[in-house]
Each structure stands twice: as structure tokens, then as C-alpha cells.
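**Student:** Quick one: the structure is below, questions incoming.
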Amino acid sequence: MFLWIVATLMIFVQSVISGYIEKVIVSGCETCQLMLSCRQLDSIIAILDVDFNSTEAGLAKKIHGTFPPDHPRDALNKRCSGLNYCSFILSEDSPGSEALGAGNLTIKYACVTRDRVNPYCNTKIQLNELRSSGIIHNPGYPRFYAGKRDCIWKIFATPYQKVKLKILDIALFDTRVLLQEDCKDTLEIKDSGQTIFSTCSQNDPPSEVISATESVEVVLTSRQLINPRRGVLIYYSSVGCLPVSAPKQAFLVFQNQSVASYSCCKGYVFPDTQTENRTIKCYGDSWNVSLPLLDCEKPEVSQAILLQNSVKIVETMASDLLAPILLMIILFALNGIVIFYIHKARKNDFRRRGSSNFDIPSQRRLYYGSIGNDTSSLRGKQLKSSMKNWALSLKLSNERLP
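Take the sequence shown: its letters are residues -18 to -1, 1 to 384, numbered as in mature numbering (1 follows the signal peptide of the UniProt record, and there is no 0).
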């Protein structure tokens, strides 16, 4: 059992170490010695980027193009490209670098294992998930390149992907020509039989070409039999992500070169997110999630209960709100009816009082007048009776006197 584990571990380590492109960054002053080296003895150095930041006022902080006459990239490619280790001092190894003045040089390079390098002409390279990038260079690089024939590489990407080429180093017979027509030896890149790029000189930053289809053809043409120049060193990689199959109980909604959207069937969710929909994004040549996608499943019990409880809570809240609203509407309606009838009754009463005010006064006057006459006649009769009684009593009193 122990031996089996050790053997498996050795195979795994060997598979990891034997096919990689490691990127390294070193920096230092213009007079500092920079060491470029790779951990694996079978790896070669490929210069990716060179940047110089000046520390003196009045000088450009960064260099690009053809200044100085021997660009630091050219000097680095001469000393280091295609080797396993090297040293570089800007002020000594790059002619014309004194024009840059004092500053800091930053070098980004890659260590590429031999199984990622294709040094043979007239070969076909098929990219896949396990091998999506690598290096091609002419036989004899970096010491010479052969002539009197074309050196051709055909690179094929998987469906839905494209091929990206980055010319890291090119040193041909006539590198310093001003016009493309003056090139004797050329590097051409063809897509579907059409030339999409042609050059014989190095640019900084390096030229990049992306194919329009799934394959490209790289052709190095030379006229002399043997050329004491390095030749070409080109980095290739696939661009775009492979299509991802829809998991079980799910289907593809939309997909292009950047994103892909999937949706689970009704009643199913993605188990890791507990959602019905998922969108994945493509960065370079890989998706931003682990593949394959997990199959859609029924929601978890706790999740299902939570969903049911949330539905019940919403229904309860709706019923609790509906009853008071209906009661308020009924009360407003009843109040409106009562106010309407009160207003109507007041209006009718006002009309009745208005009509009676026009009829009653004459009757009241007659009635009050009759009452006054009866009262005065009664008082007169009482007064007469009193006078008679007083006269009678006076007469009787006189008769009694002697």
C-alpha cells in the first residue's frame, strides 16, 4: 500500500513538473548584475517583457520602439533566450544604454520545459485542455537558422477556440530594414490561406496575432543556406473556453465566447448555490468555476421548508392586511351613507320650516287677539261685581246707624 502511494505521488509530481511554463520577474539598477535561471535543467529562457524606469529628471521613464540603437530586449535575447541560465548587466551588455541614464530595469521571463517546446519544422501542433500553450522556434535556435527552404508550423485549437501568437524574439538576416518590402527573410502568419501578419524585425512590446479561425500557419522563409542569426522564438496559446455540457436536470440558456448561462429544470436547483440559474465566465482559455458543473438536485429539506414557511408567512401577512382594509372600506361606505341621509333630512326640514313661516303669523295674531278680548271682559265683570258688593255693604252699614 505504501509503495503504491509513493509510486502514485511520483507519477503525479512528474506529470506536474514535466509540462509547465513558469514566469519569473527580476529587477535591478543599470549597473547591477541580474541573474536569469530556471530550476529545471531541461528548461529554456524566453524573454516576455522588458521595462526600464529612469530615475533622472528630463529622461523618458519608459523605453519602447527602436530606442536605443540596440534595444535591451535585443541584448537580452542575444545573451539569454534559449538558454537555461545567464547573467545580464544593462550598462555593459546593451550598446547605447548610456543614453538611458540611471534607472531600474525589470525583466519578466518564462522558463519553458522541453516538452512544451517544438524545435522542428513542418510539424502540426494540436492544442487541448492538457496542453493549451507552448513555444516554437527554428532548428538551431539561438545559434543559427537554416535557409533555402520554408520552415512551417501548423497550430490547431479545439472547436470554439482561437490561436494567439506572441513573437518573443525574431533575429533574421535583415532585421534592421525600414520597409517590409526590403525584407529578404520573412516570418509570415497565415489564417485560412491568407497572410494576416508579416515581418522581419523585432518590436517592443512583442507583436501579438490572434487567428480568426481555429488554426494558423506560421512560415519562416529564408534565402541563404545558413544564417548566423538566432531565427524566431514564438509563444502560442489557445484563446476562448471550451463549451461546457449542461449537467443533469439542466439546460443551456445562452453561450458566447465570454459567458455561458444554465438553468435547472422546474423543481431543481444547483446543490452548491441552491439556486435555479448559474452563469459562468471565461477568462483566457478557462472558466471561472470547477468543471464539470454539479448536477441539479431537489432543494434541501431545510431549504424547502424555508421556502414553504416563507410562502405561508407571505400568505398570512396578506390575510392579516386584507381584513383591516376591507373593514375600513365598509366603515367609510357606511359613514358616507349616514352623512348622505342626515344631509337629506336637514334639507327637507329646512324646506318645511320655510313654508310654515309664511302661514302661521296671521292665525297667531287672531288667536292672540281673541285671548286679549276675553281677558279684558272677564276683568270688567269682576270689577263690576266688586263694585256692586262694595255698594251693597256700604248701604247696609248706613242703615244700621241710628
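Every residue, glycine too, gets a C-beta built ideally from N, C-alpha and C.
Remember, it's a predicted structure, so these values are computed and weren't measured experimentally.
Counting only the same chain and skipping the five closest in sequence on each side, list residues whose C-beta sits under 8 Å from that of Thr181.
**Tutor:** Excluding residues up to 5 positions away in sequence, Ile149, Ile152, Gln162, Cys165, Thr168, Leu169, Ser189 lie with their Cβ nearer than 8 Å to the Cβ of Thr181 in the same chain.
**Student:** Less than 8 Å between the C-beta atoms of Asp254 and Leu234, yes or no?
**Tutor:** no
**Student:** Name the residue from Ile216, Leu308, Gln237, Cys246 whose alpha carbon lies nearest to the alpha carbon of Val99.
**Tutor:** Ile216
**Student:** Taking the continuous alpha helix (DSSP H) assigned at Ala57, which residues delimit it?
**Tutor:** 54 to 61
**Student:** Taking the alpha carbon of Ile107 as the reference point, which residue from Val200, Lys130, Arg55 has its own alpha carbon closest?
**Tutor:** When only C-alpha atoms are compared, the closest one is Val200.
**Student:** Hey, how far is the Cα of Gln231 from the Cα of Ser219?
**Tutor:** 34 Å
**Student:** Quick check on Glu4: does DSSP put it in helix, strand or coil?
**Tutor:** strand
**Student:** Do the stretch 73 to 90 and the stretch 103 to 121 meet, that is, are 3 or more Cβ pairs less than 8 Å apart?
**Tutor:** no
**Student:** Check whether the Cβ atoms of Leu273 and Val221 sit closer than 8 Å, and answer yes or no.
**Tutor:** no
**Student:** Curious, which full-length beta strand (DSSP E) runs of at least 3 residues does the stretch 194 to 233 contain?
**Tutor:** 197 to 203, 213 to 221
**Student:** Of all the beta strand (DSSP E) runs that stay within the bounds of the stretch 103 to 134, which reach a length of 3 or more residues?
**Tutor:** 105 to 108, 115 to 119
**Student:** Are the Cβ atoms of Thr37 and Asn86 separated by less than 8 Å?
**Tutor:** Yes, these two residues count as a Cβ contact at 8 Å.
**Student:** By DSSP, does Ile71 sit in helix, in strand, or in coil?
**Tutor:** coil
**Student:** In its own chain, which residues sit with a C-beta less than 8 Å from the C-beta of Ala194, not counting the 5 before and 5 after it?
**Tutor:** Lys144, Asp173, Ser174, Ile178
**Student:** Please classify Ser243 as buried or exposed, where buried requires at least 16 neighbouring CB atoms within 10 angstroms.
**Tutor:** exposed
**Student:** Are there 16 or more other CB atoms within 10 angstroms of the CB of Ser368, so buried, or fewer, so exposed?
**Tutor:** exposed
**Student:** Out of Lys136, Ser76, Leu58, Asp186, which has the shortest C-alpha to C-alpha gap to Ser197?
**Tutor:** Lys136
**Student:** Would you say Ile29 and Ile89 are within 8 Å of each other, going by their C-beta atoms?
**Tutor:** At the C-beta level, Ile29 and Ile89 come within 8 Å of one another.
**Student:** Using 10 angstroms around the beta-carbon of Asp75, count the other beta-carbons present and answer buried if the total reaches 16, otherwise exposed.
**Tutor:** Classification of Asp75: buried, given that the 10 Å Cβ count is 16 or more.
**Student:** Label Asn371 either buried or exposed according to how many other C-beta atoms from any shown protein chain fall within 10 Å of its C-beta, with 16 as the threshold for buried.
**Tutor:** exposed
**Student:** For Pro281, which residues from the same chain have a beta carbon less than 6 Å from its beta carbon, with the 5 sequence-adjacent residues on both sides left out?
**Tutor:** Val251
**Student:** If I measure Cβ to Cβ from Ile192 and keep anything under 7 Å in the same chain, skipping five residues before and after, which residues do I get?
**Tutor:** Lys144, Lys146, Val221
**Student:** Buried or exposed for Ser69, going by 16 or more other Cβ atoms inside 10 Å?
**Tutor:** With fewer than 16 other Cβ atoms within 10 Å, it is exposed.
**Student:** Compute the Euclidean distance between the alpha carbons of Cys93 and Phe126, then round it to the nearest angstrom.
**Tutor:** 21 Å
**Student:** At the level of alpha carbons, what is the spacing between Tyr323 and Asn330?
**Tutor:** 11 Å
**Student:** By DSSP's criteria, Glu279 is part of a beta bridge. Which residues make up the other side?
**Tutor:** Per the DSSP secondary-structure output, Glu279 pairs in a beta bridge with Val251.
**Student:** Specify the secondary structure class of Gln143 as computed by DSSP and reduced to three states.
**Tutor:** coil
**Student:** For Leu374, I'd like the list of residues in its chain whose CB is within less than 6 Å of its CB, leaving aside the five on either flank, ordered along the chain.
**Tutor:** none
**Student:** For the beta strand (DSSP E) that Lys166 lies in, which residues bound it at each end?
**Tutor:** Looking at the DSSP string, Lys166 is not in any beta strand (DSSP E), and its letter there is neither H nor E.
**Student:** Pick helix, strand or coil for Arg333, following the three-state DSSP scheme.
**Tutor:** Correct three-state label for Arg333: helix.
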